[in-house]
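Visitor: Residue numbers (numbering that gives the first Met the number 0): 0 to 335. Using N, Cα and C, we set each Cβ at its ideal position, and we do this for glycine too. I'd like to ask some things about the structure below.
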Amino acid sequence: MNRLRFLILIVLAALAWGCTLSLARKQPPSAGNMPSTATAYRERAAAFEQQDQLQQALLAWRVAAQLDPQDEHIPGRINALETTISARAAEHWRKGLDLFQSGDHEAARRQFLIVLRYDPSHEKAFFYLKTLLNRTDQTVYIVKPGDSLIRIAKQAYADPTKGYTIAYFNNRNPENPLYVGETLLLPNLPQGYLLPRKDVDALVASAKKALARKQFQQVLPLVDKIEGLSPGNAQAKSLGDIARFQLGNNLMQKKKYFSAIEHFKQVSPGFKGRNLALARARKKISEQANIEKLDLAQALLQKGDYARVINICEEVLVQHPAHKKARTLCDASHYA
């Protein structure tokens with residue numbers, strides 16, 4: 000295992016410096032030339048440290064440690080270098096975060112790239128570069144004492160209902176409290192999103208009236224429009240859940256069980272009765288399938304195809320051991 004690890008480190012080091020390494024001809028270093036090889040990697044490590052290429056330097060020190068495990072100084076150099084890398088990455092991370100929060104995204108991007116040069120595994124810097132700094136259509140807001148989503152929305156958009164929009168864009172529950180110092184991204188909304196609150200309220204009122212008249216199919220377009228103007232709007236979510244649930248119930252009464260399931264699935268998971276309705280619809284589908292199977296078995300019995308009758312009935316009895324018709328047909332086939 001140590002020999003394999005040693006070879007891997009040699010290959011990585013050679014690739015990092017653009018060297019050409021022919022494994023077919025290269026033999027593992029012997030004890031005689033090991034010190035001189037380790038010395039070469041010590042020198043390379045020192046050179047990389049002077050050039051501030053600390054990851055390459057760290058790799059060189061690790062190779063040197065494998066080549067000369069008797070050198071008691073190398074582990075200390077590796078530990079010191081790891082500490083330096085961690086400190087440099089943390090320093091540039093703090094600088095980048097300060098610049099990001101101040102709105103200087105270009106300078107923040109440069110700092111986060113430096114972080115990744117020192118520490119390629121730095122997940123937060125990678126997240127900011129990949130997710131937050133890829134977008135220019137938003138403003139950074141730092142939560143202050145006394146802030147709420149409604150208050151921030153009123154300041155930013157002159158519309159407190161846009162608090163749901165802020166929650167939606169920040170992937171957070173609008174019911175959860177904000178914390179002082181928390182970073183929020185305020186989307187720069189198109190003009191269509193900045194309708195006065197009374198317009199959104201009018202749409203909500205229309206949806207409520209349609210729901211009261213049990214015009215469930217008319218509720219959904221209104222709900223979609225509200226959510227388009229105010230993403231995450233709690234009233235729109237509630238109205239949509241009720242309408243879809245009732246539409247699903249109506250389809251159940253018409254024995255359109257598959258369509259009913261599609262409507263129930265669109266209802267929020269926490270909605271009261273949703274899971275029970277889904278289970279009921281699936282049970283009805285299973286019952287309908289068994290009826291069709293046993294009708295086929297009845298016809299096959301009359302034709303004398305007893306083997307197929309037994310197979311069909313046993314399938315039903317596996318799920319419903321007490322099913323009377325399946326048991327009767329199965330027994331009739333056995334004794335025919």
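#1: Would Ala278 and Ala259 be called neighbours here (beta carbons separated by less than 9 Å)?
#2: Whose C-beta lies closer than 6 Å to the C-beta of Pro159 among residues of the same chain, with five residues either side of it excluded?
#3: What runs of the beta strand (DSSP E), each 3 residues or longer, lie entirely inside the segment 158 to 210?
#4: Taking the CB atoms as reference points, tell me whether Tyr256 and Lys283 lie closer together than 9 Å.
#5: Please classify Arg41 as buried or exposed, where buried requires at least 16 other C-beta atoms within 10 Å of its C-beta.
#6: With three or more beta-carbon pairs closer than 8 Å as the criterion, would you say the segment 66 to 79 touches the segment 88 to 101?
#7: By a C-beta neighbour count over all protein chains shown, 10 Å radius and 16 as the cutoff for buried, is Asp294 buried or exposed?
#8: What do you get for Phe126, buried or exposed, if any count of 16 or more other CB atoms within 10 angstroms of its CB means buried?
#9: Between the segment 73 to 87 and the segment 40 to 59, do three or more beta carbon pairs fall short of 8 Å?
#10: Could you round the C-beta distance between Tyr140 and Leu112 to whole angstroms and report it? I think they count as a contact, below 8 Å.
#11: With burial defined as no fewer than 16 other Cβ atoms inside 10 Å of the residue's Cβ, what is the status of Glu174: buried or exposed?
#12: Express the C-alpha separation of Asp330 and Asn249 in angstroms, rounding to a whole number.
#13: Would Ile309 be called buried (16 or more neighbouring beta carbons within 10 Å of its own) or exposed?
#14: Helix or strand or just coil, what does DSSP make of Val114?
#15: What separation, rounded to the nearest whole angstrom, lies between the Cα atoms of Ile165 and Ala157?
#16: May I ask which residues mark the beginning and end of the alpha helix (DSSP H) holding Gln234?
#17: Answer yes or no: do Ala155 and Val203 have a C-beta to C-beta separation smaller than 9 Å?
#18: Taking Glu181 and Val142 to be in contact with their CB atoms under 8 Å, please state how far apart those CB atoms are, rounded to whole angstroms.
#19: If contacts are defined as beta-carbon pairs under 8 Å, then Leu246 and His262 qualify, I think. What distance do you get, rounded to the angstrom?
Guide: Walking through what the data contain:
#1: no
#2: Ile149, Ala152, Lys153
#3: 182 to 186
#4: yes
#5: buried
#6: no
#7: exposed
#8: exposed
#9: yes
#10: At roughly 24 Å, the Cβ-Cβ gap does not stay under 8 Å, so Tyr140 and Leu112 are not in contact.
#11: exposed
#12: 39 Å
#13: buried
#14: helix
#15: 13 Å
#16: 233 to 252
#17: no
#18: 4 Å
#19: 5 Å
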